[in-house]
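> Below is a structure I'd like to ask you about.
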Amino acid sequence: DAQKRNLGMVGIWSIARDLPGGTNLSPEFHGLTKEQAPKYAFSEIFAPFTKQ
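Be aware that the sequence shown starts at 1, since it is given in the UniProt record's numbering, and climbs by one per residue.
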């Protein structure tokens, strides 16, 4: 699928940071509230492109 889409590489920051944790930036949280971006919201963007 990646070759068909001319996609060479996709990368994201640490999966450990894909968690809500208030508005303070932290190595453990993305800095958004649960309402703005729930747990693993950014990682879920890639779910349609994974093979099960």
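C-beta atoms are modelled at their ideal positions from N, C-alpha and C, and glycine is treated no differently.
Measuring straight from C-alpha to C-alpha, what distance separates A41 and G8?
Residue numbering aside, residue 41 sits at position 41 when the sequence shown is read from its first letter. Residue numbering aside, residue 8 sits at position 8 when the sequence shown is read from its first letter. One C-alpha to the other measures close to 23 Å.
> Following the continuous alpha helix (DSSP H) through S43, name the residue where it begins and the one where it ends.
As a position in the sequence shown, residue 43 is number 43, starting the count at 1. S43 -> alpha helix (DSSP H) spans 41-44.
> In this structure, what does DSSP give as the bridge partners for F29?
Here the question's residue 29 lines up with position 29 in the sequence shown. S26.
> To which residues of the same chain is A37 closer than 7 Å at the C-beta, ignoring the five residues directly before and after it?
To locate residue 37, count along the sequence shown from 1; it is residue 37. Hits under 7 Å: P20, H30.
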